[in-house]
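Novice: Below is the structure I would like to discuss, written out as structure tokens.
Numbering (UniProt numbering), first residue to last: 1 to 299.
As structure tokens, then:
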């Protein structure tokens, strides 16, 4: 439709990045990264909750971000562990402490590019964050399970009741969402998937199969087959029957219980065996993103 994500997120370089005014919960406080403690000049280092990259993009703990000198340069991917404000006489700089993830091949189950967590952590100036990345947990590869562990909410308050939720078995495997509507240019730049084109006949078949699935697997009737049923439905109607001319409503599939809340946990083996399995694959021989030239750059 010609939508341009860049036009809706004008970046004011003189203003962003900037911190959010929301207070950091006590439960989220953590130790200061050693890279920030060793900065010259004795700056004041404070942990913060959120950072606005521009007027439409805000990041916090758990957000995946693309990192690089520019959108056209090589990009790395990391997951925010904590955010920090460094205040000196010259001004304020924001940093993110990240878990480093490696971009892998296309996952055969999801048909999307996958991510694997490495054993590296880095501290990066927030000015190198090129945007938030839309990911989902690889529950298929990690064999995550449904468990009755998520607390229900009533009137915006947590209650004592529980509902079914997904219990993630690790934080090592993720899938990049190829169909993300958020910043599609950034996602296309990271994914580098081969372009795929479809013929009109293939689109028609796709719509037919989708309709078939939406009906719950029942037979799809053509327009010709439906003419006879319309003719049979016409006939004398008893007087006083207000519903005689009304068509019978189509059966709709019943809505199942949706999983509305998710709880993440970590059960990685202490000996690191799960990381060894994740590292297997053809992409291990590829050159990883060089984080060395963008770590802890205050200015």
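Virtual Cβ for every residue (Gly too), placed ideally from N, Cα, C.
What is the C-beta distance between residue 94 and residue 117, in whole angstroms, given that I count them as a contact (C-beta under 8 angstroms)?
Specialist: So it is not a contact: roughly 23 angstroms between Cβ atoms.
Novice: Let me check understanding here. Comparing Cα to Cα, which of 60, 87 and 160 lies closest to residue 79?
Specialist: Taking the Cα of residue 79 as reference, the smallest distance to any Cα among 60, 87 and 160 is reached at 60.
Novice: Taking the alpha-carbon positions, what's the residue 58 to residue 73 distance?
Specialist: 22 angstroms
Novice: Between the region 140-147 and the region 105-124, do at least 3 Cβ pairs fall closer than 8 angstroms?
Specialist: Yes, the region 140-147 is in contact with the region 105-124.
Novice: Scan the region 100-186 and note each continuous beta strand (DSSP E) run of 3 residues or more that stays entirely inside, going in chain order.
Specialist: Segments of the beta strand (DSSP E) lying fully in the region 100-186: 113-125, 129-133, 135-137, 145-154, 157-168 and 173-176.
Novice: DSSP beta-bridge partners for residue 94?
Specialist: 85
Novice: Please state whether the Cβ-Cβ distance between residue 131 and residue 191 is less than 9 angstroms.
Specialist: No.
Novice: My understanding is that residue 125 touches residue 182, with C-beta atoms under 8 angstroms, so please give their C-beta distance in whole angstroms.
Specialist: Rounded to the nearest angstrom, the Cβ distance from residue 125 to residue 182 is 23 angstroms, too far for a contact under 8 angstroms.
Novice: Which residue's Cα is closest to the Cα of residue 163: 21, 152, 99 and 62?
Specialist: 152
Novice: What number of angstroms, rounded off, separates the C-alpha of residue 25 from the C-alpha of residue 136?
Specialist: 25 angstroms
Novice: Got a sec? Which residues, its chain only, sit under 7 angstroms from residue 43 by beta carbon, not counting five neighbours each side?
Specialist: 86, 87 and 88
Novice: May I ask you to report which of helix, strand or coil DSSP gives residue 18?
Specialist: strand
Novice: Buried or exposed, going by whether 16 or more other CB atoms sit within 10 Å of the CB of residue 77?
Specialist: Around the beta carbon of residue 77, 16 or more other beta carbons lie within 10 angstroms, which makes this residue buried.
Novice: Express the C-alpha separation of residue 206 and residue 199 in angstroms, rounding to a whole number.
Specialist: 11 angstroms
Novice: With DSSP run on the structure shown, which of helix, strand or coil describes residue 209?
Specialist: helix
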